[in-house]
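Taking it in order: structure first as structure tokens, then the write-up.
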Ligand SMILES: *Cc1c(COP(=O)(O)O)cnc(C)c1O
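In our numbering, the protein residues as written are 3 to 235.
Below you can see the structure in the form of structure tokens.
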């Protein structure tokens, strides 16, 4: 590796407005590399598997000021663990799961911060609300008083060109604005989690407040890193 993680982080930070939070996506990334990112100033880490995150959180217990973001598909049977391990959930994708999290969060002192995952264009490979279904579910989402709903998250389908991707992000921003204007008592729309390594510039151009970066910080993920937790130390 020619570039260090620190220099990659520095050069990406330099391109981004201060208001944009970088979430370092560390699925299949070793704990050593995560410590390097931490040393370079990263405090927000994103994981897409509850179990992998649990392992890393144990290894990184001494770093007490990390904010953990869950970005993967959340299964109902992992919901309780996810709430215990993560301060943010970017990938809440159904009313049913929202209501389950709401119930589970009732006894938590720190209520979970939530982004609602939305599909602006149809995509059979992605979970999330379609725009009409999200608008229809807002009254019930507003009842989930133990969730701090902060905004929207979206992942454009594969195979779009840059202007199509930009348009997906802009539509997401406009949807957030529309929801904000409805003045729900328990739904905020200040946060837009939009953009990964290949499209974060477009996300930022469209108003992202959080970008989720894996490969651009840590290099390509290799299958060998994913084999077991031992390889992640
Ligand atoms: C893996 C992943 C990322 C990071 O992807 P890169 O292309 O490595 O930046 C971001 N968001 C989600 C939901 C992911 O699963």
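The beta carbon of each residue, even a glycine, is placed where N, CA and C say it ideally should be.
These numbers come from a predicted model, not from an experiment.
Asked: Residue 215 beta carbon near ligand 1 (any heavy atom closer than 7 angstroms); Found: yes
Asked: Cβ neighbours of residue 1 in the same chain (closer than 7 angstroms, five flanking residues each side left out); Found: Limits of the chain in this structure are 3 at one end and 235 at the other, which puts residue 1 out of reach.
Asked: Distance, residue 17 Cα to residue 161 Cα; Found: 25 angstroms
Asked: Burial state of residue 43, where buried means 16 or more other Cβ atoms lie within 10 Å; Found: exposed
Asked: Residue 11 beta carbon near ligand 1 (any heavy atom closer than 7 angstroms); Found: no
Asked: Local Cβ density within 10 Å of residue 20, reported as buried at 16 or more and exposed below that; Found: exposed
Asked: Nearest neighbour of residue 155, chosen from 55, 142, 177, 223 [CA to CA]; Found: 177
Asked: Other residues of its chain near residue 12: CB distance less than 8 angstroms, five sequence neighbours each side excluded; Found: 42
Asked: Simplified DSSP assignment, three categories, for residue 83; Found: helix
Asked: Residue 36 Cβ short of 7 angstroms to ligand 1 heavy atom set; Found: no
Asked: Rounded separation between residue 134 and residue 68 - CA only; Found: 36 angstroms
Asked: Residues bridged to residue 23 [DSSP beta-bridge criterion]; Found: 212
Asked: Segments assigned beta strand (DSSP E), at least 3 residues, entirely inside the stretch 164-215; Found: 189-196, 212-215
Asked: Distance, residue 145 Cα to residue 229 Cα; Found: Its pLDDT being 43, under 50, residue 229 is placed unreliably in this model, and the coordinates cannot settle the point.
Asked: At least three beta-carbon pairs within less than 8 angstroms, the stretch 213-225 to the stretch 180-190; Found: no
Asked: Complete beta strand (DSSP E) runs within the stretch 105-171 (minimum length 3 residues, chain order); Found: 115-121, 150-156
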